[in-house]
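Below you'll find the structure, written out as structure tokens, and then a few comments.
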Amino acid sequence: MADRDIDEDSPIFAIAVAAELSNMHPQTLRQYDRLGLVVPARTQGGSRRYSSRHVQQLREVARLSSEGMSLPAIARLLTLEQQVHDLSRRVNDLERQLMAERQSRPGARVFAAGATGSVVTLRHGARVRRATDIVLWRPRDAHSD
């Protein structure tokens, strides 16, 4: 399997490996976990498992900390980055769902207003009887009252 096929969020690294990859001591990783900075997944036995994304976050924490940023500020930054990541994934999922829906039902998303105000789904190419199925609404002119 190529590196690009591995999910960056898969918890695959034990703490010793993650510490080595991020050039940190394992105790530092434990402290960051306790502080909520970089929180790894846990196995059923309670062992920490880090993803490649966690390793990237650990490197970023080290860099920002060495530049003088406080740990609470770093925590806030990581939280915002996680929210952006989660939202991006959600948008991608929704775009895929929409594309699949459009491909599986071409032309099925045409709507009209029924005489009672209900929404009516029309098949592609279907004609609507104007007298009974579509009501044209025009706002009153304020000057004509």
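Sequential numbering of the sequence shown, starting at 1, is according to UniProt numbering.
Just so you know, even glycine gets a beta-carbon here, dropped at the ideal spot from N, CA and C.
Helix, strand or coil at residue i [DSSP, three-state]
i       : result
Thr-28  : helix
Arg-41  : Note on residue identity: the sequence assigns Ala, not Arg, to residue 41. It is a strand residue.
Ser-22  : coil
Glu-60  : helix
Asp-133 : With a pLDDT of only 48 at Asp-133, under the threshold of 50, the placement of this residue in the model should not be trusted, and no figure is reported.
For residue i, the nearest candidate out of the options (CA to CA)
i      : options                            : result
Arg-34 : Leu-94, Ala-75, Ser-104 and Pro-11 : Ala-75
Ala-41 : Ala-18, Thr-28, Ile-6 and His-85   : Ala-18
Val-61 : Leu-37, Val-120 and Arg-49         : Leu-37
Unbroken alpha helix (DSSP H) run spanning residue i, endpoints
i      : result
Met-99 : 71–104
Ile-12 : Per DSSP, Ile-12 belongs to no alpha helix (DSSP H) and is neither H nor E.
Those residues which DSSP pairs with residue i across a bridge
i      : result
Arg-49 : Ala-41
Residue i vs residue j beta-carbon contact at 7 Å
i      : j      : result
Leu-78 : Gln-57 : yes
Leu-29 : Ile-12 : no
Glu-95 : Arg-53 : no
Ser-22 : Ser-51 : no
CB contact below 7 Å: residue i versus chain C
i      : result
Leu-35 : No chain C appears in this structure, which consists of one protein chain only.
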